[in-house]
Amino acid sequence: MQLGAVEKGLLPALLAIVMLGMGFGLAIGDFRRIFTTPLQTLVGTLGHFVIMPLAAYAVVLILGLEYELALGVILVGSCPSGTTSNLINYLAKGDVALAVVITALSTLLCPLLTPIIVTFFGSLLDPTGSSVMQISFVEMLKTVVVIIVLPISIGMAVKHKFPNFAQKIETPYKVFSILFLVFVVAFVTYKNRDNFIEMVLLVGLAVILHNTFGFIAGYFFPKILGIAEKQARTISIEVAIQNTTLGMTLAIQFFGPKVALPSAIFSIWMYIAGIMMALFWGYVVPLKEEKAA
Numbered sequence: 001m002q003l004g005a006v007e008k009g010l011l012p013a014l015l016a017i018v019m020l021g022m023g024f025g026l027a028i029g030d031f032r033r034i035f036t037t038p039l040q041t042l043v044g045t046l047g048h049f050v051i052m053p054l055a056a057y058a059v060v061l062i063l064g065l066e067y068e069l070a071l072g073v074i075l076v077g078s079c080p081s082g083t084t085s086n087l088i089n090y091l092a093k094g095d096v097a098l099a100v101v102i103t104a105l106s107t108l109l110c111p112l113l114t115p116i117i118v119t120f121f122g123s124l125l126d127p128t129g130s131s132v133m134q135i136s137f138v139e140m141l142k143t144v145v146v147i148i149v150l151p152i153s154i155g156m157a158v159k160h161k162f163p164n165f166a167q168k169i170e171t172p173y174k175v176f177s178i179l180f181l182v183f184v185v186a187f188v189t190y191k192n193r194d195n196f197i198e199m200v201l202l203v204g205l206a207v208i209l210h211n212t213f214g215f216i217a218g219y220f221f222p223k224i225l226g227i228a229e230k231q232a233r234t235i236s237i238e239v240a241i242q243n244t245t246l247g248m249t250l251a252i253q254f255f256g257p258k259v260a261l262p263s264a265i266f267s268i269w270m271y272i273a274g275i276m277m278a279l280f281w282g283y284v285v286p287l288k289e290e291k292a293a
């Protein structure tokens with residue numbers, strides 16, 4: 001189903017507004033964690049651009065997804081984390097400060113890394129180039145810079161100059177972000193309405209496998225490296241929870257609604273899985289210091 005110019009232009013513009021709000025919640029001081037705990041930050045950040053893309057590629061091969069849906073799984077696996085992961089970490093009693101810096105750093109790196117990863121795995125999925133879809137690295141790079149880096153930078157500058165204003169407007173922006181996510185999920189579902197039932201079960205299975213692998217690898221890889229339990233749990237949540245709004249926006253902008261479907265379904269599932277993990281880690285098996293408290 002083809003999209004009009006208005007639809008293609010509206011979603012990136014709205015996402016840029018969401019990213020502006022993310023900038024209102026960040027300060028230069030938030031990035032100090034990169035230098036005080038570089039291993040934790042690096043592992044959590046690379047999880048989005050190594051673990052999740054590899055997991056996505058493995059899942060689409062195992063399930064034999066058709067090219068458009070496979071590309072959609074790869075795309076959502078190449079996105080950074082979003083503010084949802086910070087909320088889940090808060091509920092799970094994780095290291096929220098670490099979560100915030102991983103989210104910020106992965107988001108700022110995604111304009112370069114997301115197009116590289118999508119282009120690379122897209123070529124592996126279609127080695128003969130027989131697909132009618134063309135993946136433009138340069139165009140995707142420019143788009144992500146405009147809708148991610150610039151708004152966040154402006155938001156951080158506003159917070160630095162007008163901290164009281166940024167603090168007041170941060171909460172309304174969070175509400176807008178949630179409403180925008182709901183809108184995009186509904187929009188993608190509507191655009192795929194003709195064969196939604198046929199695709200949803202297979203894509204849903206792919207999403208569950210992908211997300212589950214993110215939680216598992218995101219937890220055990222830090223543990224192997226000797227990272228403490230609280231931070232390992234935090235990294236696990238950060239790795240498994242993706243910025244699906246960005247995934248849907250890029251899919252619609254460059255490929256079409258069908259490629260956006262995995263991101264839409266991932267949006268729904270990550271809240272279910274994230275809340276379950278938050279309850280499990282926060283209350284069923286809390287950290288030793290939490291038990292003592």
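Okay, so the sequence shown: first residue is 1 according to UniProt numbering, each after it adds one. C-beta atoms are modelled at their ideal positions from N, C-alpha and C, and glycine is treated no differently.
Spatial neighbours of residue i in its chain, beta-carbon cut-off 6 Å, leaving aside the 5 residues before and after
i      : result
Trp281 : Ala92 and Arg233
Ala278 : Ile88, Leu91 and Ala92
Gly77  : Met52, Pro53 and Ala56
Phe137 : Pro115 and Thr119
Val200 : none
Phe215 : Ser236 and Ala240
Gly21  : Tyr173
Val149 : Pro111
Same chain, Cβ closer than 7 Å to residue i, five either side skipped, listed in chain order
i           : result
Gly94       : Lys230, Arg233, Thr234 and Ile237
Phe24       : Gly155, Val158, Lys159, Ala166, Ile169, Glu170 and Tyr173
Val284      : none
Leu15       : Ile147, Thr245, Leu246 and Thr249
residue 336 : Outside the shown range of the chain, which is 1 to 293, sits residue 336, and nothing can be said about it.
Ser267      : Leu181, Val185 and Thr244
Residues near residue i by beta carbon distance below 8 Å, same chain, minus five either side
i     : result
Glu68 : Met133, Phe255, Gly256, Lys258 and Val259
Asn86 : Val96, Ala99, Val100 and Thr103
Whole-Å CB distance - residue i paired with residue j, under 8 Å assumed
i      : j      : result
Leu209 : Val59  : 5 Å
Val48  : Val239 : According to the sequence provided, residue 48 is His. The question's Val does not apply to it. Confirmed, about 6 Å.
Gln242 : Cys110 : Not a contact, Cβ separation roughly 10 Å.
Val73  : Leu65  : 7 Å
Length of the line joining the Cα atoms of residue i and residue j
i      : j      : result
Met52  : Ala186 : 25 Å
Val146 : Leu205 : 33 Å
Thr249 : Phe180 : 11 Å
Trp269 : Val207 : 8 Å
Gly218 : Ala99  : 13 Å
Thr114 : Phe31  : 21 Å
Leu246 : Thr143 : 11 Å
Ile28  : Phe220 : 30 Å
Leu124 : Leu75  : 13 Å
Leu11  : Gln253 : 8 Å
Pro151 : Tyr190 : 29 Å
Met19  : Ala264 : 19 Å
Gly198 : Leu261 : For the sequence presented, residue 198 should be read as Glu rather than Gly. Looking at the two C-alpha atoms, the distance is approximately 12 Å.
Leu63  : Pro163 : 49 Å
Leu26  : Val101 : 9 Å
Thr84  : Ala97  : 14 Å
Cβ neighbour criterion (16 or more within 10 Å) applied to residue i
i      : result
Asn211 : buried
Met140 : buried
Pro127 : exposed
Gly274 : buried
Met276 : exposed
Ile227 : buried
Phe35  : exposed
Leu71  : buried
Asp194 : exposed
I'd like to know if the segment 39-56 and the segment 158-177 are in contact, where contact means that at least 3 CB-CB pairs between them fall below 8 Å.
In this structure the segment 39-56 does not lie against the segment 158-177, because fewer than three pairs of beta carbons, one per stretch, are closer than 8 Å.
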